[in-house]
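Chemist: Here it is, the structure, as structure tokens.
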Amino acid sequence: MIRTESLTGTAVAAVLDDLARLRIAVFRDWPYLYDGDLEYERDYLRAYQSPGAVVVAAWDGDRMVGAATGAPMEDHADDFAAAFADRPERLGEIFYCAESVLLPEYRGHGLGHVFFDGREAQGRLLGRRYSVFCSVIRPQTHPMRPSDYRPLDGFWRKRGYAPLPGVTAEFDWKDIGATASTRKPLQFWMKEL
Numbered sequence: 001m002i003r004t005e006s007l008t009g010t011a012v013a014a015v016l017d018d019l020a021r022l023r024i025a026v027f028r029d030w031p032y033l034y035d036g037d038l039e040y041e042r043d044y045l046r047a048y049q050s051p052g053a054v055v056v057a058a059w060d061g062d063r064m065v066g067a068a069t070g071a072p073m074e075d076h077a078d079d080f081a082a083a084f085a086d087r088p089e090r091l092g093e094i095f096y097c098a099e100s101v102l103l104p105e106y107r108g109h110g111l112g113h114v115f116f117d118g119r120e121a122q123g124r125l126l127g128r129r130y131s132v133f134c135s136v137i138r139p140q141t142h143p144m145r146p147s148d149y150r151p152l153d154g155f156w157r158k159r160g161y162a163p164l165p166g167v168t169a170e171f172d173w174k175d176i177g178a179t180a181s182t183r184k185p186l187q188f189w190m191k192e193l
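All residue numbers for the sequence shown refer to the numbering used here, where the first residue is 1 and numbers rise by one.
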């Protein structure tokens with residue numbers, strides 16, 4: 001039986017290592033192809049110890065099998081403010097639904113909805129008007145793209161999200177088999193809460 005919980009405040013710190021390990025495992029797959037390490041993850045995940053951040057976690061017994069993170073957009077301003085510079089929405093109106101990671105054997109059972117419901121609820125609690133996330137842009141012809149890959153666009157659209165034309169960001173990470181990090185483009189999606 002899978003249990004889920006939304007964690008905020010000091011409760012987030014207690015699960016960051018579990019979350020880091022889960023991110024390393026899940027993001028190794030397409031489309032991220034992330035060659036992660038625990039030290040980088042610990043540093044990156046510090047943003048989710050800020051006021052207003054949430055981790056929606058899924059547990060099978062005492063094992064974290066999935067999680068989704070979210071935070072006020074201004075907590076990520078260094079990375080994403082430029083993408084919204086020409087938009088009418090202010091960063092203070094936006095809740096950023098960051099990562100959503102779930103082990104493959106737990107997919108297809110509604111946890112994706114639980115993850116979005118929890119993050120959107122946190123955004124509303126904070127008085128945010130918009131919810132956004134970004135997806136990785138990879139070429140259709142990428143040699144590591146699985147032949148049976150199904151993008152999540154349909155799921156996101158059913159949740160009310162739509163891509164924001166021209167609103168992209170770039171983020172660095174090291175791909176599997178690479179010797180250094182490289183910049184990857186990310187497409188923002190948004191819905192009104």
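Where is the CB? At the ideal position from N, CA and C, for every residue including glycine.
Looking at R71: is its Cβ nearer than 7 Å to the Cβ of V55?
Modeler: Walking along the sequence shown from the start, residue 71 turns up at place 71. Walking along the sequence shown from the start, residue 55 turns up at place 55. It is Ala, not Arg, that sits at residue 71 in the sequence shown. No, they are not a contact pair.
Chemist: Identify which residue in H142, A77, A85, T4 has its Cα closest to the Cα of D62.
Modeler: Residue mapping note: residue 62 aligns to position 62 of the sequence shown, counting from 1. The candidate whose alpha carbon is nearest that of D62 is T4.
Chemist: Indicate whether the contact test is met: 3 or more Cβ pairs, each with one atom in the region 156 to 174 and one in the region 30 to 40, closer than 8 Å.
Modeler: Cβ pair count under 8 Å is three or more, so yes.
Chemist: Report, in whole angstroms, the separation of the C-beta atoms of A130 and E93, which I expect to be a contact under 8 Å.
Modeler: In the sequence shown, residue 130 corresponds to position 130, counting from 1. In the sequence shown, residue 93 corresponds to position 93, counting from 1. It should be pointed out that residue 130 corresponds to Tyr in this sequence rather than to Ala. Yes, they are in contact, since the Cβ atoms of Y130 and E93 sit about 6 Å apart, within 8 Å.
Chemist: Taking the Cβ atom as the reference point for each residue, do P51 and V136 lie within a distance shorter than 7 Å?
Modeler: As a first step, residue 51 is located in the sequence shown; it is residue number 51 there, counting from the start. As a first step, residue 136 is located in the sequence shown; it is residue number 136 there, counting from the start. No. Outside cutoff.
Chemist: Hey, could you find the ends of the beta strand (DSSP E) W173 is sitting in?
Modeler: Translated into positions along the sequence shown, residue 173 becomes position 173. Segment 162 to 173, the beta strand (DSSP E) holding W173.
Chemist: Does the distance from the CB of I2 to the CB of D60 come in under 7 Å?
Modeler: As a first step, residue 2 must be located in the sequence shown, where it is residue number 2. As a first step, residue 60 must be located in the sequence shown, where it is residue number 60. Result yes, Cβ atoms of I2 and D60 sit closer than 7 Å.
Chemist: In whole angstroms, what is the alpha-carbon distance linking S6 and T182?
Modeler: For the purposes of this step, residue 6 is identified with residue 6 of the sequence shown, where counting begins at 1. For the purposes of this step, residue 182 is identified with residue 182 of the sequence shown, where counting begins at 1. If you take the alpha carbons of S6 and T182, they lie about 33 Å apart.
Chemist: Are the beta-carbon atoms belonging to Q187 and T168 less than 7 Å from one another?
Modeler: For the purposes of this step, residue 187 is identified with residue 187 of the sequence shown, where counting begins at 1. For the purposes of this step, residue 168 is identified with residue 168 of the sequence shown, where counting begins at 1. Yes. Within cutoff.
Chemist: Please report the distance separating the alpha-carbon of G108 from that of E120.
Modeler: Position 108 of the sequence shown, counting from 1, holds the residue named residue 108. Position 120 of the sequence shown, counting from 1, holds the residue named residue 120. Taking the straight line joining both Cα atoms gives about 20 Å.
Chemist: For the candidate residues V15, Q49, C134, K184, whose alpha-carbon lies nearest to that of F84?
Modeler: Position 84 of the sequence shown holds residue 84. Closest by alpha carbon: C134.
Chemist: Would you tell me roughly how many angstroms separate the C-alpha atoms of F115 and V101, rounded to the nearest one?
Modeler: Along the sequence shown, one-based indexing puts residue 115 at 115. Along the sequence shown, one-based indexing puts residue 101 at 101. Those two C-alpha atoms are separated by around 9 Å.
Chemist: How would you write the range of the beta strand (DSSP E) that V12 sits in, first residue to last?
Modeler: On the sequence shown, residue 12 is found 12 positions in, with the first residue counted as 1. Run containing V12: none in the beta strand (DSSP E); it sits in the alpha helix (DSSP H), 10 to 13.
Chemist: Quick one: residues in its chain with C-beta nearer than 7 Å to the C-beta of L45, no 5 flanking neighbours on either side, listed in chain order?
Modeler: As a first step, residue 45 must be located in the sequence shown, where it is residue number 45. Taken in chain order, the residues that qualify are L16, L19, A20.
Chemist: Quick one: is E41 buried, meaning 16 or more other Cβ sit within 10 Å of its Cβ, or exposed?
Modeler: By one-based count along the sequence shown, residue 41 stands at place 41. Buried, since its Cβ has 16 or more Cβ neighbours within 10 Å.
Chemist: Could you tell me which residues DSSP pairs with E192 in its beta bridges?
Modeler: One-based indexing of the sequence shown puts residue 192 at position 192. E192 pairs with Y130.
Chemist: Would you mind listing the alpha helix (DSSP H) stretches within the region 68 to 108 that are 4+ residues and don't spill past its ends, in chain order?
Modeler: DSSP runs (the alpha helix (DSSP H)) wholly in the region 68 to 108: 77 to 80.
Chemist: From the DSSP secondary-structure annotation, give me the bridge partner or partners of Y44.
Modeler: To locate residue 44, count along the sequence shown from 1; it is residue 44. The partner list for Y44 (beta bridge, DSSP) is empty, contrary to what the question assumes.
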